[in-house]
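The structure appears below as structure tokens.
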Amino acid sequence: WHNFFESRDRCGYSTPGCWEPEDHEEYEGILYGYGFSYVYLRALALYFPYPNLAFAEDAPFMLKLREKMGASRVGLKEDVEGLCLHIVHSTSSTPDPAVETMLTEGELNGLVVSESTACRLHLQRPWFRSLWTSC
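Just so you know, we're using the numbering used here here: the sequence shown kicks off at 69 and counts up by one.
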């Protein structure tokens with residue numbers, strides 16, 4: 069995942085190789101637990117709704133889909149293109165994820181998400197402008 073750490077004005081890239089889970093269950097919870105990056109059909113979410121939890125509902129939802137539909141139909145795609153940029157802000161419910169490498173400004177500008185209208189609109193905001201000049 070590509071992460072922007074608002075508190076540090078830095079961008080980093082996280083992969084499963086930089087995590088240190090205690091066991092396989094924790095590893096899968098981390099792997100399938102970041103809902104900001106999910107893509108799924110609405111019908112699946114209606115048929116297998118997210119659990120009613122105040123925190124960490126993402127992993128149970130995805131693991132239930134995988135259990136019911138099969139591991140070959142529910143998977144993960146490494147985001148080397150930068151389709152998604154996770155904003156880790158002061159009110160995030162998740163702690164800062166482990167980072168394998170920090171991104172340079174050129175690498176950040178090369179992400180697909182940097183071409184989106186949403187990013188262009190956010191460039192007008194001071195905290196987001198720092199994202200493009202500080203990394």
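Idealized CB from N, CA, C, for every residue including glycine.
- Nearest Cα to H70 within the set S158, K145, T185 and T159: K145.
- The Cβ-Cβ distance between M130 and Y100 falls below 8 Å.
- The three-state reading of DSSP puts V180 in helix, counting H, G and I together.
- Non-local beta-carbon contacts of G97 in its own chain, meaning distances under 6 Å to residues more than five positions away in sequence, involve A127 in chain order.
- Taking C-alpha positions only, F116 is separated from A124 by approximately 16 Å.
- The DSSP-derived three-state label of G174 is helix.
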